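Peer 1:
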Amino acid sequence: MLYAQRMTISSNAADRIELMQTFVRIVEAGSMSAAAKQLGTTQPTISRRLQALERMLGLRLLQRSTHAMQLTEDGERCLAHARELLSHWSALTSDVQDAREEPAGLLRIVAPHAFGQQQLIGPLNDFLLRHPRVSVEWLLHDRTPDFIAENIDCAIRVGEVSDPSVIAIKLADVPRIAVAAPALLAGQPLPTHPAQLSALPWLALRTFYRNEITLHHASGASHQLTLQPRLSTDSLFAVRNAAVQGMGVCVVSSWALRDELAQGTLLHLAPEWQATPLPMYLIYPHAPHYPARLRSFIDHMRAAMPAILSDL
33 MLYAQRMTIS
43 SNAADRIELM
53 QTFVRIVEAG
63 SMSAAAKQLG
73 TTQPTISRRL
83 QALERMLGLR
93 LLQRSTHAMQ
103 LTEDGERCLA
113 HARELLSHWS
123 ALTSDVQDAR
133 EEPAGLLRIV
143 APHAFGQQQL
153 IGPLNDFLLR
163 HPRVSVEWLL
173 HDRTPDFIAE
183 NIDCAIRVGE
193 VSDPSVIAIK
203 LADVPRIAVA
213 APALLAGQPL
223 PTHPAQLSAL
233 PWLALRTFYR
243 NEITLHHASG
253 ASHQLTLQPR
263 LSTDSLFAVR
273 NAAVQGMGVC
283 VVSSWALRDE
293 LAQGTLLHLA
303 PEWQATPLPM
313 YLIYPHAPHY
323 PARLRSFIDH
333 MRAAMPAILS
343 DL
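Counting in the numbering used here, the final residue of the sequence shown is number 344, and the numbers go up one at a time with none missing.
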C-alpha cells in the first residue's frame, strides 16, 4: 500500500513537471502544433496537457482562438514560475546524475600568467591524473575574463575581487618581499628598515603597485614609500629579471624569487618587513548548476593550496 502511494506521488510529480514543460513549450514555440512537433507528440495531446494544467491551477492561462493565442495575466505569472521551477528541476536532476558519474568533458580555466606556469602546474597534473575523462584548456593571463563571452568555466586570480557577478573562493594569501641585486647596494650594508630604501632606484609591478607601496612589520608598524620607478611593467618575470640585472628594487611574490635568493643574485631587503600579501581567489560566475568537472576542480584546488602555500 505504502509503495503504491509513493508511486502515485512520484507519478503525480512527474505529470506536473510534464504539464509545465508543455505549457512553457507552447508559449515559446508560439502554437500548439509547433509545440507538438518539438515534443514529438500530437496537437490533441498538447491541448489535453494544457487543459489539465489549467484545471489543476483553476486558472485560464491562454486565450485561444482559431488564428491567435495570447497569455492571460495569470498565464504571465504562471510562465515565470514555471520557468524558474523547471530550471531548478533541471539543476537537481543534473546534480544527481553528476554525483553518480565520473567528471568528464572540457574545462576552460584562466590562471595568472606567472603563477600558472609554475606553482599551479603540479596541482593541475594531479587533478588530471585523478580524472582521466577531463581535459583542460589552461589559459594564462592576468585580467578577469568575460566568462560568458569567452566561454570560461573558472579563473584563478591574484588580487582583490569586487565583481558581484562572480563567486569568489579565497585560496591563499601570497607573501611579497622587497629585493634587489647586490650590485645595487654598491657595498653598503643590507637595509633593515623601509626608510633606507627610499634613496634606491625602484622598479614597479604596475598590476599591484606603481608610485607608492607600504611595508609592514610583524609588530604592527608600517611605512609607506613614495616611488618614482625607473621601469614599470605588468610582468612579474620581467620585473624580477630587471632586478637581477641591478636596475632597481622591486616588491615581488616570494615564491618567484626562491632560486635567486638561494643563489645570491637577489637579496631580501629589510627582511623583517613585508608588503601586504596578495589574496588569491578562484572565481566563477553564478549559475543554477555547475558540472561535476568544475565542482571537482574547485574542491581539488582548495585541498591542494595548503601544500602550495608551504612552498611560498
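In this text, a Cβ means the ideal position worked out from N, Cα and C, and glycines have one as well.
Remember, it's a predicted structure, so these values are computed and weren't measured experimentally.
First and last residue of the beta strand (DSSP E) that includes M101?
Peer 2: On the sequence shown, position 69 is the one that residue 101 refers to. Run containing M101: 101-103, per the beta strand (DSSP E) assignment.
Peer 1: Just the Cα atoms here: how many angstroms apart are G154 and P177?
Peer 2: Within the sequence shown, residue 154 is the residue found at index 122, counting from 1. Within the sequence shown, residue 177 is the residue found at index 145, counting from 1. Using only the alpha carbons, I get a separation of about 23 Å.
Peer 1: Just the Cα atoms here: how many angstroms apart are R38 and M101?
Peer 2: The count along the sequence shown starts at 1 and reaches residue 38 at position 6. The count along the sequence shown starts at 1 and reaches residue 101 at position 69. Here the model assigns R38 a pLDDT of 37, short of 50, so the residue's position is not dependable, and the following value carries that caveat. R38 and M101: Cα-Cα distance of roughly 37 Å.
Peer 1: Taking 7 Å as the threshold (C-beta atoms), are P309 and V206 in contact?
Peer 2: Stepping through the sequence shown from its first residue, residue 206 is reached at position 174. Stepping through the sequence shown from its first residue, residue 309 is reached at position 277. In contact: V206 and P309 (Cβ atoms closer than 7 Å).
Peer 1: Note down the Cα distance separating L314 from L161, rounded to an integer number of angstroms.
Peer 2: Here residue 314 is taken as the residue at index 282 of the sequence shown, counted from 1. Here residue 161 is taken as the residue at index 129 of the sequence shown, counted from 1. About 21 Å.
Peer 1: Under the three-state reduction of DSSP, which class applies to I58: helix, strand or coil?
Peer 2: By one-based count along the sequence shown, residue 58 stands at place 26. The answer is helix: DSSP assigns I58 an H, G or I state.
Peer 1: Does the segment 144-154 come within contact of the segment 180-194, defined as at least 3 CB pairs closer than 8 Å?
Peer 2: Contact between the segment 144-154 and the segment 180-194 is present, because at least three Cβ pairs lie under 8 Å.
Peer 1: Just checking, does the segment 235-250 make contact with the segment 265-284 on the three C-beta pairs under 8 Å criterion?
Peer 2: Yes, the segment 235-250 is in contact with the segment 265-284.
Peer 1: List the whole-angstrom C-beta distance separating P226 from L259, where the pair is believed to meet the contact cut-off of C-beta under 8 Å.
Peer 2: One-based indexing of the sequence shown puts residue 226 at position 194. One-based indexing of the sequence shown puts residue 259 at position 227. Not quite, the Cβ-Cβ distance comes to about 12 Å (not below 8 Å), so this is no contact.
Peer 1: What would DSSP say about Q306, mapped onto helix, strand or coil?
Peer 2: To locate residue 306, count along the sequence shown from 1; it is residue 274. Strand.
Peer 1: Where does Q37 sit, in a helix, a strand or coil, going by DSSP?
Peer 2: As a position in the sequence shown, residue 37 is number 5, starting the count at 1. Residue confidence is low: Q37 scores 37 on pLDDT, short of 50, so the model does not pin down where it sits. Its coordinate-derived value is still stated next. Helix at Q37.
Peer 1: How close, in whole Å, do the beta carbons of Q70 and R57 come, if the pair is a contact with beta carbons under 8 Å?
Peer 2: Residue mapping note: residue 70 aligns to position 38 of the sequence shown, counting from 1. Residue mapping note: residue 57 aligns to position 25 of the sequence shown, counting from 1. Rounded, the Cβ-Cβ distance is 6 Å, consistent with contact.
Peer 1: Using only the alpha-carbon positions, how far apart do W305 and S267 sit?
Peer 2: The residue given as residue 305 occupies position 273 in the sequence shown. The residue given as residue 267 occupies position 235 in the sequence shown. C-alpha separation (whole angstroms): 23 Å.
Peer 1: Quick one: Cα of S286 to Cα of K202, how far?
Peer 2: For the purposes of this step, residue 286 is identified with residue 254 of the sequence shown, where counting begins at 1. For the purposes of this step, residue 202 is identified with residue 170 of the sequence shown, where counting begins at 1. Each residue's Cα considered, the two are about 19 Å apart.
Peer 1: Which residue from A274, H163, A68, L289 puts its Cα closest to that of D331?
Peer 2: Within the sequence shown, residue 331 is the residue found at index 299, counting from 1. Ranking the options by Cα distance to D331, first place goes to H163.
Peer 1: Taking the alpha carbon of L138 as the reference point, which residue from H113, L118, A68, L171 has its own alpha carbon closest?
Peer 2: Counting from 1 along the sequence shown, the entry for residue 138 is found at position 106. Measuring from the Cα of L138, the nearest candidate turns out to be L171.
Peer 1: Taking the beta strand (DSSP E) that E169 belongs to, which residues open and close that run?
Peer 2: Position 137 of the sequence shown, counting from 1, holds the residue named residue 169. First-last of the beta strand (DSSP E) with E169: 166-172.
Peer 1: Helix, strand or coil: how does DSSP classify V271 here?
Peer 2: For the purposes of this step, residue 271 is taken as residue 239 along the sequence shown, with counting starting at 1. Correct three-state label for V271: helix.
Peer 1: Return helix, strand or coil for E192, following the three-state DSSP convention.
Peer 2: Reading the sequence shown from its first residue, position 160 is the one you call residue 192. Residue state, collapsed to three classes: coil.
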